[in-house]
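Residue numbers (the working numbering): 733 to 1184. For each residue, glycine too, the CB sits at the ideal point set by N, CA and C. Only a predicted model underlies this, so the values are computations on that prediction, with no experimental measurement involved. Worksheet for the structure shown next.
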C-alpha cells in the first residue's frame, strides 16, 4: 500500500521516487519513536510505582482523551494525586519525548486545522505541495505519507518538490557539524536579498547547488538593471495608442511566447529554466528593444509611433515584473508600487492572452514579417555597435553613413526599422546595396561634433 501511495504522488524530479521505494522495500523492523532530549513533544503516559519504589513499565497509564494535551512531568494521571509523584505506590511520568518525525509527520494535518477547524480541514487537506530536501525522503516524507495513509486513507499532498544540498567550494555538503556553513546576514548586506534569492533559484530540483557569491553578484546586477529599465519605461507614459509599429508588435509577440514557455516550465517545476528564459529575454529587451525605441517614444517619429512604443513598454514592464516576482521579490514589489495598486505578489499571473489582445493584427503572416524586421534591426544594431567599439568612437559621435549589402528581402525590411536604427545608432544615412553575402559597414564618422 505504501508503494502505491508513493506512485500516486507527483515527484519533482520524477527519479526521486526511487529513493522512496528503496526505503519502503528495505523496511525490516520497527522504528524507535522515542528520544532522550529536553525539547520535544512528551508521551502522554505515566507508570505506576510499586510498594518497593520500582516503576512498573509494563503497566503504562495513558492519558484520557479529555486530558490531552498533557506533560507527564507536571500533570497527574487519572486517580492519582500530585504528592504521589515518585513515591512508592504512586506514579512516574515517562521522561522521553517523541522522535521529531513522529510529530512533524502530522504537519499537513496540523496546518490544515485537523481536529480544530473541520471546515478549513475539509477545504485544504490534502495539500498541494511538500517542498523538502532529498535526505529526508526516508524520514519526513515517508512518515507523512504513512500517517496520512493510516489516518485518512489518502496522500497528505499531491506533489513533492525535492531539492538538493548546498555545497561548499570543495563540493562538500554545508553543515553546522562540518563548520563550513556561512551565515546569511553578511551576504544579504553585500548582495541584497534579491541577489541571494537569485542564487538559490539557480539550483535545479533534485540537484546539489554550489555556494557561489558570483551568482549572487549576477542576481544583484539583474535587480539593479530591472530597477533602471523600469525607471526608463515609466519616465514617459504619454502619448499612448495602439501598438502598430512592427518592432513593437514583434517584441510583444515574443514576450507572449515567453509567458507560454515559462508557464509550461513552472507547471513542470522547472523554475530554474523559467528564470533563465526570463533573464535572457530581459537582457535582449534592454540591449536591443529599449535602444531602438528610445528616441521614438519621445516623439521623434510622431505621436502615433510614440504611442505605440509607450503602450508596448507599459505592457512589457507589467508582464516582466510579474515573471521576475517569484525570483526577485523585493525589487519587483518596489517598482510595482510606483505605478500599480496593491502588491505584485497578489496580482494576476501573466497570461499570453493579455498581450495578444493588445495587437490589432494577429495573423501569423503579420507576425512573421514583424519578427523578420525586428531580427534584422537587431543584427544591424549589433554590427554597427561592434564596429564603433573597435574604432574606439564614443557613442555620441554621429555616423555619417552606413553601407548595407543584403538580399532584397532584408533590404525590403529597412523602411520598417530605418528610423529607429538611425536614432539608436546616431546614423545620418544608410546606403543600401542589393547583393550577397550580407554585410554592414560603417563608412565614416562625423568627428566635427563638439568634444570629440
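Between the CA atoms of residue j and residue i - distance to the nearest angstrom
{"i": "residue 1182", "j": "residue 1014", "result": "Residue placement at residue 1182 is flagged as unreliable, the pLDDT there being 48, under the threshold of 50; a coordinate-derived value is accordingly withheld."}
{"i": "residue 1184", "j": "residue 1009", "result": "Reliability fails at residue 1184, whose pLDDT of 46 lies under 50, so the model's placement of it is uncertain and no value is given."}
{"i": "residue 784", "j": "residue 821", "result": "8 Å"}
{"i": "residue 834", "j": "residue 1056", "result": "38 Å"}
{"i": "residue 924", "j": "residue 1061", "result": "11 Å"}
{"i": "residue 780", "j": "residue 813", "result": "12 Å"}
{"i": "residue 797", "j": "residue 811", "result": "15 Å"}
{"i": "residue 968", "j": "residue 1028", "result": "11 Å"}
{"i": "residue 819", "j": "residue 795", "result": "20 Å"}
{"i": "residue 1126", "j": "residue 890", "result": "58 Å"}
{"i": "residue 1101", "j": "residue 982", "result": "9 Å"}
{"i": "residue 823", "j": "residue 845", "result": "34 Å"}
{"i": "residue 970", "j": "residue 1155", "result": "20 Å"}
{"i": "residue 1006", "j": "residue 929", "result": "15 Å"}
{"i": "residue 843", "j": "residue 764", "result": "25 Å"}
{"i": "residue 912", "j": "residue 944", "result": "14 Å"}
{"i": "residue 1022", "j": "residue 1152", "result": "10 Å"}
{"i": "residue 1140", "j": "residue 963", "result": "39 Å"}
{"i": "residue 907", "j": "residue 1050", "result": "40 Å"}
{"i": "residue 865", "j": "residue 934", "result": "15 Å"}
{"i": "residue 752", "j": "residue 870", "result": "6 Å"}
{"i": "residue 1136", "j": "residue 914", "result": "55 Å"}
{"i": "residue 1020", "j": "residue 1099", "result": "18 Å"}
{"i": "residue 995", "j": "residue 989", "result": "10 Å"}
{"i": "residue 1058", "j": "residue 1064", "result": "9 Å"}
{"i": "residue 905", "j": "residue 748", "result": "19 Å"}
{"i": "residue 892", "j": "residue 1037", "result": "49 Å"}
{"i": "residue 742", "j": "residue 1003", "result": "16 Å"}
{"i": "residue 1180", "j": "residue 1124", "result": "16 Å"}
Unbroken beta strand (DSSP E) run spanning residue i, endpoints
{"i": "residue 824", "result": "823-825"}
{"i": "residue 1137", "result": "1131-1138"}
{"i": "residue 1032", "result": "First-last for residue 1032: undefined, no H or E at that position."}
{"i": "residue 1165", "result": "1162-1166"}
Beta-bridge partners of residue i, as assigned by DSSP
{"i": "residue 941", "result": "898"}
{"i": "residue 766", "result": "830"}
{"i": "residue 891", "result": "742, 861"}
{"i": "residue 1173", "result": "1135"}
{"i": "residue 774", "result": "829"}
{"i": "residue 1185", "result": "Outside the modelled stretch of the chain, which goes from 733 to 1184, sits residue 1185, for which no answer is possible."}
{"i": "residue 747", "result": "Note: residue 747 sits in no beta bridge, so no partner."}
{"i": "residue 789", "result": "Residue 789 pairs with nothing; no bridge assigned."}
{"i": "residue 779", "result": "824"}
{"i": "residue 905", "result": "899"}
{"i": "residue 808", "result": "DSSP, once it has assigned bridges, lists no residue as partnering residue 808."}
{"i": "residue 710", "result": "Since the first residue of the chain shown is 733 and the last is 1184, residue 710 is not available in this structure."}
CB contact flag (residue i, residue j, <7 Å)
{"i": "residue 927", "j": "residue 951", "result": "yes"}
{"i": "residue 1104", "j": "residue 1145", "result": "yes"}
{"i": "residue 876", "j": "residue 858", "result": "no"}
{"i": "residue 1044", "j": "residue 980", "result": "yes"}
{"i": "residue 966", "j": "residue 1071", "result": "yes"}
{"i": "residue 804", "j": "residue 826", "result": "yes"}
{"i": "residue 1106", "j": "residue 744", "result": "no"}
{"i": "residue 1177", "j": "residue 1129", "result": "yes"}
{"i": "residue 879", "j": "residue 852", "result": "no"}
{"i": "residue 1143", "j": "residue 1115", "result": "no"}
{"i": "residue 829", "j": "residue 767", "result": "yes"}
{"i": "residue 1025", "j": "residue 1048", "result": "no"}
{"i": "residue 984", "j": "residue 1087", "result": "yes"}
Boundaries of the alpha helix (DSSP H) in which residue i is found, first to last residue
{"i": "residue 929", "result": "916-933"}
{"i": "residue 1067", "result": "1061-1071"}
{"i": "residue 1097", "result": "1096-1122"}
{"i": "residue 1025", "result": "1022-1025"}
{"i": "residue 978", "result": "978-999"}
{"i": "residue 874", "result": "874-884"}
{"i": "residue 855", "result": "850-856"}
{"i": "residue 1009", "result": "1003-1016"}
{"i": "residue 841", "result": "839-843"}
Minimum C-alpha distance to residue i - residue among the options
{"i": "residue 776", "options": "786, 806, 877, 832", "result": "806"}
{"i": "residue 1172", "options": "753, 921, 1118", "result": "1118"}
{"i": "residue 916", "options": "931, 909, 836, 905", "result": "931"}
{"i": "residue 940", "options": "878, 899, 1081", "result": "899"}
{"i": "residue 1076", "options": "1097, 1054, 1096, 1092", "result": "1054"}
{"i": "residue 922", "options": "905, 910, 948, 914", "result": "948"}
{"i": "residue 1158", "options": "1132, 1175, 1139", "result": "1132"}
{"i": "residue 802", "options": "773, 787, 816, 1089", "result": "773"}
{"i": "residue 1089", "options": "975, 1039, 1168, 1164", "result": "975"}
{"i": "residue 755", "options": "735, 856, 997, 993", "result": "735"}
{"i": "residue 1113", "options": "884, 1168, 1017, 1033", "result": "1017"}
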